[in-house]
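**Q** Quick one: the structure is below, questions incoming.
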Amino acid sequence: MTVPVLYLLDASSYIHRAFHAIRGLSTSDGVPTGAVYGFTQMLLKVIKDAAPQYLAVVYDAKGPTFRHDMYPAYKANRPPLDPGLKVQLPLVRQMVTALELPAVEMEGYEADDLMASLAAQAREQGFQVVLVSGDKDLFQLADEGVTIWDTMKELKLGPREVAEKLGVAPEQVVDYMALTGDSSDNVPGVPGVGPKTAAKLIAEHGSLDKVLDAAADMKKSKLRENLLEHRGQALLSRRLVRLAQDAPVRFEPTVFKMRKPDPAVLTPVLARLEFSKLMNEFAAPAAAEEATYGRISDPAKLEAFLQAAKKRGRLSVDTETTSLDVMKAELVGVSLCHEAGKAVYVPVGHQLKKGQSQADRRAALQVLAPYLADAGLPKIGQNLKYDLSVLKRAGLVVNGVAFDTMVASYLINPGRASHGLTAIAAEFLGRSMISYEEATGGKNLSFALADLDKATDYAAEDADVALQAAEKMEPMLQEAGLERLFQELEMPLVPLLSKLEMTGVALDVDQLNELSKELGARLDEIEIRCYRLAGHQFNLNSPQQLGKVLFEELGLSQIKKTKKKTAYSTDMSVLTLLAEEHPLPAGVLEYRSLAKLKGTYVDTLPTLVNPETGRVHTSFNQTVTATGRLSSSDPNLQNIPIRSDLGERIRACFIPEPGRLMVSADYSQVELRVLAHLSGDPLLVRDMTSGLDVHTQTASRLFDTPPEKVSKEQRARAKTVNFGVLYGMSAFRLAREQKIELAEAQAIIERYLGRYQGIAAFQQKNLSQARELGYVTTLLGRRRFLPAINYRDRQAREAAERMALNTPIQGTAADIIKLAMLKVDEMLAKEFPEALMILQVHDELVFETPEGQVEKFAKRVRKVMEGVLELKVPLKVDVGWGRNWSEAH
DNA sequence: CGTCGGTCGTAC
DNA sequence: GACGTACGACCGACGT
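Reading the first sequence from the start, the letters are residues 136 to 1024 in this note's numbering.
Structural data, given as structure tokens:
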């Protein structure tokens, strides 16, 4: 039979090391978590590597110990506990508890003493003991049954290794340390005696007592005096470093037996700490019992359920489909819930097995339709935009879209890594959920093929969790002052975005294909030219290979390294500089710009045209950006080129239906106007109101030149400064951008903030708010947490400062255009029912409208957009139109 | 053969 | 050692 092994883990040793090793980790709302994370990782590593059967985490006593009675100055040199660490200590205990690990602590004793005492008892009961710690105090315990494992240094120390390391046997370690002392614990030892001398003395005489007895006869006068004079101090030191093996703890194998953590307990702790990676590892196993939720296949029963929902005044809705792509997804089932824990699933498109039944699709949808369309029945759900689109395609209109948990989670904390329902369930309800894989029995299997019982549990749970999460979130939105933003802006946007996505935009595919051929030919030429210049073929798309050619073979000047310093940078700025030395970089630049546009847009866009609608349907994501902007993906239509000629030709491929025109309306200088409003700076407000050119005015003030005498170059410089202010620019960057000395750049920024004192004050206000409250806000109260703003890590802190300066501006601009989308949509419904909103590109809205009404349409759109909010400066909108998106600009 | 981090480049 | 916010193509290392 194998000998059982007990692992005793020194918590403090690892907490401190983790705290210092991992700086700058915190939850997205600002609770530091580096020490907990590091500690947990280390703990899991021990569990994984050693697979211990018996283990305990051992803590130091919170208050003084018996050593303080012996020696009041014990550990007196320790600086006070860092507050960032102090707040994590209870979190570590929570984590250990949640992992269901046995823990030991005792008033008056340090962890080392408890470990020594437990080890002694475990040895008597026939256990081997491993002391998991980095603390050398424990070396004294090493013997044939006790080893010390320092996981950080990957060291396992038995008596032999201790003897090798210190030069004395484990039982001599206390005597040795009595001579050397321990500066971290303020144990004095004997002055002038370090590790070398101590080891030599102990080896020669055998013990401390014998060393002290022999002191008087020693030859080295300094050593002799020190030993004689500090004899008492040495004896005291030995008492301090000797671990108590008689602490009143009891080793009971059953108590120290490892258990498996319960996901239901662990999940909420991991969620609160935002340890999402660990959360995946500990995901709850399948709850593969019989269905706990109900299933409805009888239309009459569905009717009754919906009547109850109507009476209760709310309905949580979730759809199951065959695809994540809404424009391809077919409805498979609908889950509904109006009372926590009592959701139902209505399958309408499953492939059934023998003996199973589902609702007749048409009958079920017919019953559902009036309830979904009932604006007086508030709808709740997760990512309702998706369900709205799916249901719309199934012929069902949804009104009364009241509470989207994904959107609510985003407003409560836009910085969270995920606003998925699983994350929300963990964070707000402390529960885990059935995974899609479990429900369908595979990763990418269609939901229509899923086992009906599993599908029911999975689907119904979504509706149930959304309902319950919404109840939790509602008061949190109130508390944070986000209620109006949620109710009046973000929620009304949900159906509008659904509509926008479903509308899509038409492409001139023939033109794109033509462009592709032309670009292909030009790329071939450039490629050949580049190979000739390099002397051989290589992959022009590989920065790594290019770096080798440029810097190793051709010997061009190395200008900068990449972020990770692993390679030479070959980005645009570098190649532009190198173009003066050699013709190859210019060729690569040309290749890159063409290849980029060809690969990303010209060749890709046509493949994304939906065969049913003949149009491209992007996703407008409402819960992605940290500032409140929308983002666009699959494809991203918010970064279609505009600056180059080729970009214009790509934009020209975005076209309206025949007989209609493309209309583009964009806010002019919206961020500067927002800055003027938020800061109230008198000069900027005056400039933005007067209609004069704002960059010329800035140049005039920066360079002490009358506006009419401002040169083109001065205006351009002022423009970059104005932009820089919006982004929280550093002097360093400005100097590089404008190719001027750092000192000059500093002077320009100082002069700017001196002239625009309202802006300087606004910046200070944002910084202090972020430091004190931990977040910044936009005009409509949108929040962004910036935990890093109080970090010691300078780079992280300064990045957070720039975010604190930029976010209120960018976020307010986002608030404004979202408001504009809603107001324009209302206006369109009343006045231009044939017009369609097509795209939003941050400060621009794109429409298509019948040719005949375009001028009147443009006028009305401008009026509505300019009037969405009354600011200290007017909002200005430019409207253009044409036969394609390019012409509309 | 798929995943994922790094690099680069487009937009506002 | 980077002025803010995104998305995505491509490469190449890494793990299965």
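Each residue gets a CB set at the ideal place from its N, CA and C atoms; glycine is no exception.
Please identify the residue among Ser692, Leu620 and Lys733 whose C-alpha is closest to the C-alpha of Leu650.
**A** Translated into positions along the first sequence, residue 650 becomes position 515. Taking only the C-alpha atoms, the option nearest Leu650 is Lys733.
**Q** Quick check on the DSSP output: what are the complete alpha helix (DSSP H) runs of length 4 or more inside the stretch 492-543, in order along the chain?
**A** 496-508 and 519-528
**Q** In three-state DSSP terms, what is Gly863?
**A** Here residue 863 is taken as the residue at index 728 of the first sequence, counted from 1. Coil, per DSSP.
**Q** Examine the ligand ADP and report whether any of its heavy atoms sits within less than 8 Å of the Cβ of Ala702.
**A** The ligand ADP is not part of the structure shown, which contains no ligands of any sort.
**Q** Run the CB neighbour count on Pro943, radius 10 Å, all protein chains shown included, and call it buried at 16 or more, exposed below.
**A** Translated into the one-based positions of the first sequence, residue 943 becomes position 808. So Pro943 counts as buried.
**Q** Is the Cβ-Cβ distance between Val600 and Leu654 less than 9 Å?
**A** As a first step, residue 600 is located in the first sequence; it is residue number 465 there, counting from the start. As a first step, residue 654 is located in the first sequence; it is residue number 519 there, counting from the start. For Val600 and Leu654, no; Cβs fall outside 9 Å.
**Q** Could you compute how far the alpha carbon of Val346 sits from the alpha carbon of Ala338?
**A** Taking the first residue of the first sequence as position 1, residue 346 is located at position 211. Taking the first residue of the first sequence as position 1, residue 338 is located at position 203. In a straight line, the C-alpha of Val346 is about 10 Å away from that of Ala338.
**Q** Below 9 Å between beta carbons: does that hold for Glu259 and Ala196?
**A** Here residue 259 corresponds to residue number 124 of the first sequence, with the count starting at 1. Here residue 196 corresponds to residue number 61 of the first sequence, with the count starting at 1. In this structure, Ala196 does not lie closer than 9 Å to Glu259 by Cβ.
**Q** What's the gap between the Cα of Glu983 and the Cα of Leu642?
**A** On the first sequence, residue 983 is found 848 positions in, with the first residue counted as 1. On the first sequence, residue 642 is found 507 positions in, with the first residue counted as 1. Whole-angstrom Cα-Cα distance: 13 Å.
**Q** Kindly list the residues whose CB is nearer than 7 Å to the CB of Asn901, restricted to its own chain and excluding five residues on each side of it in sequence; keep chain order.
**A** As a first step, residue 901 is located in the first sequence; it is residue number 766 there, counting from the start. The answer, listed in chain order, is Val911, Ala939, Leu940 and Pro943.
**Q** Using a Cβ-Cβ cutoff of less than 7 Å, which residues in the same chain neighbour Ala948 once the five nearest sequence positions on both sides are dropped?
**A** Here residue 948 refers to the residue found at position 813 of the first sequence. Only Val805, Glu806, Val809 and Asp978 meet the Cβ criterion.
**Q** Please give the ranges of any alpha helix (DSSP H) in the stretch 229-288, keeping only runs that are unbroken, at least 4 residues long and fully inside the region.
**A** 246-259
**Q** Would you mind working out which of Ser814, Gln832 and Gly815 sits nearest Asp822, comparing C-alpha positions?
**A** Numbered from 1 along the first sequence, position 687 holds the residue referred to as residue 822. Of the listed residues, the one whose Cα sits closest to Asp822 is Gln832.
**Q** Just to confirm the assignment: which complete alpha helix (DSSP H) runs, minimum length 4, are found wholly within the stretch 434-479?
**A** 434-447
**Q** Considering Gln672, what are the terminal residues of the beta strand (DSSP E) in which it resides?
**A** Sequence index remark: in the first sequence, residue 672 carries index 537 (1-based). Neither: Gln672 is in no beta strand (DSSP E) and is coded neither H nor E.
**Q** Within 10 angstroms of its Cβ, does Leu587 collect 16 or more other Cβ (buried), or is it exposed?
**A** Taking the first residue of the first sequence as 1, we reach residue 587 at position 452. Buried: at least 16 other Cβ atoms inside 10 Å.
**Q** Round the Cβ separation of Val461 and Tyr521 to the nearest angstrom and send it over; I've been treating them as touching at under 8 Å.
**A** For the purposes of this step, residue 461 is identified with residue 326 of the first sequence, where counting begins at 1. For the purposes of this step, residue 521 is identified with residue 386 of the first sequence, where counting begins at 1. Yes, Val461 and Tyr521 are in contact; Cβ-Cβ is about 6 Å, under 8 Å.
**Q** Three or more beta-carbon pairs under 8 Å between the stretch 172-183 and the stretch 289-296, yes or no?
**A** no
**Q** So, are the CB atoms of Ala478 and Tyr428 less than 9 Å apart?
**A** If you number the first sequence from 1, residue 478 lands on position 343. If you number the first sequence from 1, residue 428 lands on position 293. Against a cut-off of 9 Å, the Cβ pair of Tyr428 and Ala478 comes out as a contact.
**Q** Using DSSP's beta-bridge definition, name the partner residues of Ser161.
**A** In the first sequence, the residue the question calls residue 161 occupies position 26. The partner list for Ser161 (beta bridge, DSSP) reads Pro167.
**Q** Who are the Cβ neighbours of Ser161 in its own chain at under 6 Å, not counting the five residues just before and after it?
**A** Translated into the one-based positions of the first sequence, residue 161 becomes position 26. The answer, listed in chain order, is Pro167, Thr168 and Pro922.
**Q** What number of angstroms, rounded off, separates the C-alpha of Ala435 from the C-alpha of Val502?
**A** Taking the first residue of the first sequence as 1, we reach residue 435 at position 300. Taking the first residue of the first sequence as 1, we reach residue 502 at position 367. Going from the Cα of Ala435 to the Cα of Val502 covers about 8 Å.
**Q** Inspect the beta-carbon positions of Ala334 and Gly302 and report whether they are closer than 9 Å.
**A** The sequence position of residue 334 within the first sequence is 199, counting from 1. The sequence position of residue 302 within the first sequence is 167, counting from 1. Yes; because the gap between Cβ atoms is below 9 Å, this pair is in contact.
**Q** Smallest Cα separation from Phe992: which of Ala257, Lys1011 and Trp1016?
**A** As a first step, residue 992 is located in the first sequence; it is residue number 857 there, counting from the start. Of the listed residues, the one whose Cα sits closest to Phe992 is Trp1016.
**Q** Run the CB neighbour count on Gln473, radius 10 Å, all protein chains shown included, and call it buried at 16 or more, exposed below.
**A** In the first sequence, counting from the first residue as 1, residue 473 sits at position 338. Checking the sequence shown, residue 473 turns out to be His, not Gln. Under this definition His473 is a buried residue.
**Q** Comparing alpha-carbon positions, which option in Tyr926, Cys665 and Ser754 lies nearest Ala721?
**A** Your numbering for residue 721 matches position 586 in the first sequence. The shortest Cα separation from Ala721 among Tyr926, Cys665 and Ser754 belongs to Cys665.
**Q** Where does Tyr206 fall in DSSP's three states?
**A** In the first sequence, residue 206 corresponds to position 71, counting from 1. Coil at Tyr206, not helix or strand.
**Q** Decide if the stretch 598-617 is in contact with the stretch 536-545; the criterion is three or more beta carbon pairs, one per stretch, under 8 Å apart.
**A** Taking 8 Å as the limit for Cβ pairs, the verdict is that the stretch 536-545 does touch the stretch 598-617.
**Q** So is Ala351 buried or exposed if we call it buried at 16+ other beta carbons inside 10 Å?
**A** As a working mapping, residue 351 is identified with position 216 in the first sequence. Result: exposed.
**Q** Looking only at DSSP bridge pairs, what is Asp317 linked to?
**A** Position 182 of the first sequence holds residue 317. DSSP lists Val322 as partners of Asp317.
**Q** Applying the 10 Å Cβ sphere with the 16-neighbour rule, what's the burial state of Lys183?
**A** Residue numbering aside, residue 183 sits at position 48 when the first sequence is read from its first letter. Counting the other Cβ atoms within 10 Å of the Cβ of Lys183 gives fewer than 16, which makes it exposed.
**Q** What separation, rounded to the nearest whole angstrom, lies between the Cα atoms of Val640 and Met972?
**A** The residue labelled residue 640 in the question sits at position 505 within the first sequence. The residue labelled residue 972 in the question sits at position 837 within the first sequence. Each residue's Cα considered, the two are about 10 Å apart.
**Q** Of the choices Lys463, Leu253, Arg496 and Ala510, whose alpha-carbon is the least far from that of Tyr189?
**A** Within the first sequence, the letter at position 54 stands for residue 189. Closest by alpha carbon: Leu253.
**Q** Taking DSSP as the reference, what is the three-state secondary structure of Arg795?
**A** As a position in the first sequence, residue 795 is number 660, starting the count at 1. Residue state, collapsed to three classes: strand.
**Q** Can you find at least 3 beta carbon pairs, one from the stretch 998-1009 and one from the stretch 755-771, that sit closer than 8 Å?
**A** Taking 8 Å as the limit for Cβ pairs, the verdict is that the stretch 755-771 does not touch the stretch 998-1009.
**Q** Less than 9 Å separating the beta-carbons of Pro234 and Pro396?
**A** Here residue 234 refers to the residue found at position 99 of the first sequence. Here residue 396 refers to the residue found at position 261 of the first sequence. The sequence given here places Leu at residue 234; Pro does not occur at that position. Closer than 9 Å, so yes.
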